[in-house]
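Right, one structure below, let's go through it.
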Amino acid sequence: METFIGKPIKRREDNRFLKGAGKYTDDIKLMGMTHSAFVRSPYAHAKILSVDTSEAEKAEGVVAVYTGSDACGTFGVPCGWQVDFKNGETMREPLHPLLAKDKILHVGEAVAIVIAETLELARDAAELVDVKYEALPAVTCPKKAMEAGAPKVHDQWDDNAAFDWCIGNDRAEVEAALENAHHVTEMTYKNHRLAPNAIEPRSYISDYDVNADKWTLYTSTQNPHLIRLLLCAFVLGIPEHKVRVLSYDVGGGFGSKIYHYTEEALLTWVSKEIGRPVKWTSDRTEAFLTDAHGRDHIVHSKMGFDKDGKIVAHLTDEYCAMGAYLSTFAPAVPTYLHGTLFQGVYTTPLIHLNVIAPFTHTVAVDAYRGAGRPEATYLLERIISKAAKEMNIDPAEIRYKNFIPPFNGTSEPGYQTQVALQYDSGNYEGVLKRGLEMLGYEDFRKEQAEARKNGKLLGVGISTYIEGCGIAPSAVVGSLGARAGLYEVGHVRVQPTGKVSVFTGAHSHGQGHETVFAQFVADKLGIPMDDVDIVHGDTDQVAFGMGTYGSRSLAVGGSAIIKSIEKVLEKGAKIAAHKLEAAEEDLEYAEGKWTVKGTDKSISFGDVSLTAYVPHDYPEGVEPGLDFSSFYDPTNFTYPFGTHIAVVEVCPDTGKVDLQRFVACDDVGNVMNPMIVDGQIHGGVVQGVGQALLEEVIYDGEGQMVTGSYMDYAMPRADDVPNIETDRTTTPCPHNPLGVKGAGEAGAIGSTPAVVNAVVDALSHLGVTDIQMPVTPRRVWKAMQN
Amino acid sequence: MQISMTINGKEYSHDIEPRISLAQYLRENLNLTGTHIGCDTSGCGACTVTVDGAAAKACTLLAVQVDGAEITTIEGMASGSEMHPIQEAFKDNHGLQCGFCTPGMVMTAADILKNNPNPTEEEIRHGLEGNFCRCTGYHNIVKSIQHAAEKINA
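Here it is, written out as structure tokens:
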């Protein structure tokens, strides 16, 4: 019988995407649908003196105009994670209004919404809304935001801090160890701000049905149920069962579509006011100005070593921007998704991280592919490579000296870090060894030495990362400030004919759930993949769910489905035993049928399914039907890891960096579909390369974004990157049934420091020890001149 | 303004506002929503179609500019249920993830292969530089186009 787990099965969702038949939110048209356009602030910080909508209201085709003075102005979207100050003061949590009324806190903040018969008429009328502002000074740098006299983002508090936080060992103890260290390596840099840039802009349609008193919200979100919960219970105060949230096809997310945005809630409110459906689709400039950004940390770090190159202590202080308002998961990103990874893959005995998280006059920062873990990895992997150079140790060798030894998490215990987490299983030496083999490290060093003689600047950069995925269990994240659980729901409905519908609370926006989930469901049930259908993205069909982010779909969502499959097989065995007139314990299930052990007596999955729904000859005390739902709350995070190696050539005349090779050896636990895992790694790597070489959101001193278009914000294009050479080792996750760890973010986490390490390596003989990302030709050229 | 054009082999005629882009016209008037809009400024290429046989970005062409032209969109690539070899190659090589840039990628690939039936990897990468993909890192898109070239030339 054909099996599917571990095979590169082609994706079933591709048929519709390749024919242009995907159903993205902006593709949907409803009868009587109106269109909307926002009036947005051109200032980063300003008082709103007046808003005159009279001309707009009279314009052709206009249905309605609303401002912050209307009832919608009293509602605000909440934050989903609370991180209190170290001194016990509660996190400062400003109202994030659906429309600004008195004050503007970032460029692009919405002041009014215009609803009209067509998009063009809505945009025309939006131009007629006359807003008078009094511009105020702005602060966009998180460090400057904490300086005395900095412009305040929220007037009600003494300074701009949203919270501060620390993790790890006692600071004094860490400082003392650094004092006594043989060698201390120090770094100060910015992990700069990025725009996630899913190619599909955010899009929402709200449709209020007055007769049923129900809303349907079509939304480009990564987690429909959480949006419904926040929208209903925390923003508009409408009954949750009266709202259906649908997110059919979503064109990429990378974190930016996790959050509950003001426009989503506002459109829901508007559709009831006007009694018609209303659509809004962001344009690209609005996306730059209003989608949550990533990163934006100012970092100062010290790492101490003994004379053999073993790490003895690590101390870091960071300023991490929150933006003007607290986005849904923002406070978790520079804290529990960041500081908890400061152990890296090393045995560092003493670690302390202190974080100050200020408000700034910018759009919010939240989780962007990797979320806190790329920032942790960049720091660890840059500073250990810098230390290796300073101590004249090979960068691979210094890693080998410091690795946590291999452990499988079953016969050997997990690894307890200094920063709260317990790693599940790992073999960090294994991935480095394989990565170096793939590259041909020793040969490369010879080639590099020869090249230098000829004036060519070749460099190699290594990064050995770890990350934490499938964040859980709920009780733990709750104690850390999460205002939601982090379990997942998997519902397996066996139809009378033995066909199977699976409803998952996870959500695919490119990851291929429809195929991968069907692979393991088919295998576990011993039925053809064609008999399995995967449903997601509909709150009326799927019981509940926490959505997809943090590489959690398979590890958490997949495990929930497995739990339901177990229940199906358990009940199925009772029915089979009855039909076969055998004891349950005498049956075995394989290849889609229950067989009485040692005999040829068997009954198929399909026959048992039919019996469950036509229960004429049926076991006593067993309910009809074969339909189970399960909630799976993991016992721990999962911890994928890997080695990424970049090879660059730097142009001596222009400073342009040419990424020549990229080698990735990742360990994501067991693999369901290697084609899809490779694809996730490729894409993640290129996003991380983008941060290293090209991308940066820049706000000027007045808070204007100067990188608000594709002409100004440089994302990697096809000719900026090489093919990605991938391989894997396999260290299964010991605590979930599929043994999977997650692969969605690994590429973006491991790659960035590998590239920058390679650039610094190429220039090290010129005395270059560090270059601020993105390593643009100008920065590289300047570094070479110094 | 009255315009008429041939789209995917069928003739269409509409009275439209001069400011409507070709992309909006395809999506709103003809319900050909496979042509996606990712930026409205020619930056991302998700809206790529062919106009009289050459790839063009439908978001920055006015529909009235292409009055009388022959347009092919992603919906015109397959013959019935049979996918075009380029579409097949994208499926076989996992050349897409979220699918949003995909129509533009397929149309651009068609243009690359029309002008250069045996492109090198470098030529393919250069040919794709007007199209963003945020999911795949381009690796499997390049591979898809290489495989499509082999299939078409076989």
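Going line by line, the protein sequences match chains A and B.
Note that the numbering used here has the first sequence beginning at 1, numbered continuously upward.
Note that the numbering used here has the second sequence beginning at 787, numbered continuously upward.
We put the CB at the ideal spot given by N, CA and C, even for glycine.
Being a predicted model, the structure only gives us computed values, none of them experimental.
Chain B within 8 Å of residue i, Cβ atoms only
i, result
"A:SER709", "yes"
"A:ASP306", "no"
"A:ASN197", "yes"
"A:MET31", "no"
"A:HIS509", "yes"
"A:PHE234", "no"
"A:GLU696", "no"
"A:ARG11", "yes"
"A:VAL686", "yes"
"A:GLU89", "no"
"A:HIS293", "no"
"A:ASN354", "no"
"A:ALA148", "no"
"A:MET715", "yes"
"A:TYR24", "yes"
"A:ARG244", "no"
"A:ASN223", "no"
Test item: CB-CB of residue i and residue j under 8 Å
i, j, result
"A:ALA543", "A:HIS491", "yes"
"A:LYS279", "A:MET438", "no"
"A:VAL780", "A:ASP770", "no"
"A:VAL460", "A:VAL647", "yes"
"A:VAL677", "A:VAL568", "no"
"A:SER247", "A:GLY557", "no"
"A:ILE724", "A:ILE681", "yes"
"A:ARG373", "A:GLY468", "yes"
"A:THR729", "A:ARG382", "no"
"A:LEU194", "A:ALA46", "no"
Supposed contact pair residue j and residue i - C-beta distance, whole angstroms, cut 8 Å
i, j, result
"A:HIS509", "A:GLN687", "Not a contact, Cβ separation roughly 14 Å."
"B:HIS822", "B:PHE886", "6 Å"
"A:ILE9", "A:THR515", "6 Å"
"B:GLY866", "B:THR922", "The pair is not a contact, with the Cβ atoms about 27 Å apart (cut-off 8 Å)."
"A:VAL502", "A:ILE561", "6 Å"
"A:HIS297", "A:TYR325", "Contact doesn't hold; Cβ gap of about 18 Å is too wide."
"A:THR548", "A:ALA506", "5 Å"
"A:ILE471", "A:GLY545", "No, A:ILE471 and A:GLY545 are not in contact; Cβ-Cβ is about 15 Å, not under 8 Å."
"A:LEU99", "A:ALA116", "About 17 Å separates the two Cβ atoms, so there is no contact after all."
Given residue i as reference, the closest of the options once Cα atoms are compared
i, options, result
"A:PRO624", "A:PRO496, A:VAL532, A:ARG202", "A:PRO496"
"A:LYS386", "A:GLY108, A:ALA754, A:PRO8", "A:ALA754"
"A:LYS302", "A:GLY275, A:ASP296, A:THR290, A:ILE351", "A:ILE351"
"A:THR362", "A:SER553, A:PHE517, A:GLY684, A:VAL697", "A:VAL697"
"A:LEU49", "A:ARG92, A:LYS101, A:GLU55", "A:LYS101"
"A:TYR133", "A:LYS214, A:ARG40, A:HIS183", "A:ARG40"
"A:VAL250", "A:ALA330, A:ALA367, A:THR25, A:GLU447", "A:THR25"
"A:VAL689", "A:VAL657, A:HIS96, A:MET187", "A:VAL657"
"A:GLU585", "A:TYR189, A:LYS574, A:GLU55", "A:LYS574"
"A:LYS272", "A:SER463, A:ALA148, A:GLY149, A:ASP209", "A:ASP209"
"A:TYR378", "A:ARG202, A:ILE462, A:GLY323, A:LEU436", "A:ILE462"
"B:THR888", "A:LEU217, A:GLU200, A:TRP165, A:ASP306", "A:GLU200"
8 Å Cβ cut-off: residues of chain B touching residue i
i, result
"A:LYS19", "GLY820, ILE860, GLU861, MET863, ALA864, MET869, GLN873"
"A:GLU789", "Outside the shown range of chain A (1 to 786) lies residue 789 of chain A, about which nothing can therefore be said."
8 Å Cβ cutoff, residue i in contact with chain A
i, result
"B:VAL928", "yes"
"B:ALA832", "yes"
"B:GLY795", "no"
"B:THR888", "yes"
"B:GLY827", "Contrary to the premise, residue 827 of chain B reads as Thr rather than Gly in this sequence. Output row for B:THR827: interface = yes."
"B:LEU847", "no"
"B:LEU816", "no"
"B:GLU936", "no"
Chain A residues whose Cβ lies nearer than 8 Å to that of residue i
i, result
"B:VAL892", "LEU18"
"B:LYS877", "LYS10, ARG11, ASP14, ASN15, LEU18"
"B:GLY854", "The premise fails here: B:GLY854 is roughly 23 Å from chain A at the closest Cβ pair, so nothing lies under 8 Å."
Per-residue contacts from residue i into chain B (C-beta, under 9 Å)
i, result
"A:ILE676", "HIS880, GLN883"
Partners in chain A for residue i, counting only beta-carbon separations shorter than 9 Å
i, result
"B:LEU899", "Correct list: empty, because the minimum Cβ distance to chain A is about 15 Å."
Partner residues on chain A for residue i, Cβ-Cβ distance less than 7 Å
i, result
"B:THR922", "GLY679, HIS682, GLY683"
"B:HIS925", "HIS682, ASN723, ILE724"
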